[in-house]
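The structure under discussion appears below in the form of structure tokens.
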Amino acid sequence: MPAPSVTLRRLGIAGVCLVSLALCCGLAWWQWERFSSANGTFQNLGYVLQWPLFGLFPAFMFWRIRKLRRQAAEAGTPEQTAETAVAEVPAPRQRRAPSPRPAAPEDDELAAYNKYLRELNARDK
Numbered sequence: 018m019p020a021p022s023v024t025l026r027r028l029g030i031a032g033v034c035l036v037s038l039a040l041c042c043g044l045a046w047w048q049w050e051r052f053s054s055a056n057g058t059f060q061n062l063g064y065v066l067q068w069p070l071f072g073l074f075p076a077f078m079f080w081r082i083r084k085l086r087r088q089a090a091e092a093g094t095p096e097q098t099a100e101t102a103v104a105e106v107p108a109p110r111q112r113r114a115p116s117p118r119p120a121a122p123e124d125d126e127l128a129a130y131n132k133y134l135r136e137l138n139a140r141d142k
């Protein structure tokens with residue numbers, strides 16, 4: 018049996034999911050009323066279809082996290098429980114430094130331009 022704090026947390030999450038669903042269904046109804054009015058557009062109809070999905074998203078995430086924790090607990094060591102299971106994050110890959118390219122010979126036009134820029138910089142100082 019789960020601890021009382023875990024049960025309260027689950028009830029709180031379920032409450033937030035229900036409030037989210039009710040709020041988003043209310044917004045969907047509001048968008049339906051706007052679509053049904055004389056100046057309603059198909060954008061309002063799109064929102065009618067989107068709002069319930071937004072309302073179901075917190076419940077989906079709660080279900081998905083519980084499922085992933087349960088899978089991690091079954092694959093992990095016996096002392097891990099579903100509440101303490103933590104998915105391992107792989108270490109970041111080390112990036113190799115780019116190999117230095119051989120310096121290309123500077124052409125005369127670029128050299129003259131760079132010389133001009135150096136003179137301008139010296140003049141400003």
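The sequence shown begins at 18 in this note's numbering and counts up one residue at a time. C-beta: ideal position from N, C-alpha, C; glycine also.
Out of curiosity, what's the CA-to-CA distance linking P69 and P21?
Along the sequence shown, read from residue 1 onward, the residue named residue 69 stands at position 52. Along the sequence shown, read from residue 1 onward, the residue named residue 21 stands at position 4. Rounded to whole angstroms, P69 to P21 spans 32 Å at the Cα level.
Nearest-angstrom Cα distance between W80 and W46?
Residue numbering aside, residue 80 sits at position 63 when the sequence shown is read from its first letter. Residue numbering aside, residue 46 sits at position 29 when the sequence shown is read from its first letter. The alpha-carbon atoms of W80 and W46 are separated by roughly 26 Å.
What's the call for V106, buried or exposed, on a 16-neighbour Cβ count within 10 Å?
By 1-based counting over the sequence shown, the position of residue 106 is 89. Exposed, because fewer than 16 other Cβ atoms sit within 10 Å of the Cβ of V106.
Assuming G72 and L38 make a contact with CB atoms under 8 Å, what is their CB distance in whole Å?
Along the sequence shown, one-based indexing puts residue 72 at 55. Along the sequence shown, one-based indexing puts residue 38 at 21. Between L38 and G72 the Cβ distance is about 4 Å, and since that is below 8 Å, they are a contact.
For V23, count neighbouring C-beta atoms within 10 Å of its own C-beta (all shown protein chains included) and say buried if the count is 16 or more, exposed if not.
Stepping through the sequence shown from its first residue, residue 23 is reached at position 6. Under this definition V23 is an exposed residue.
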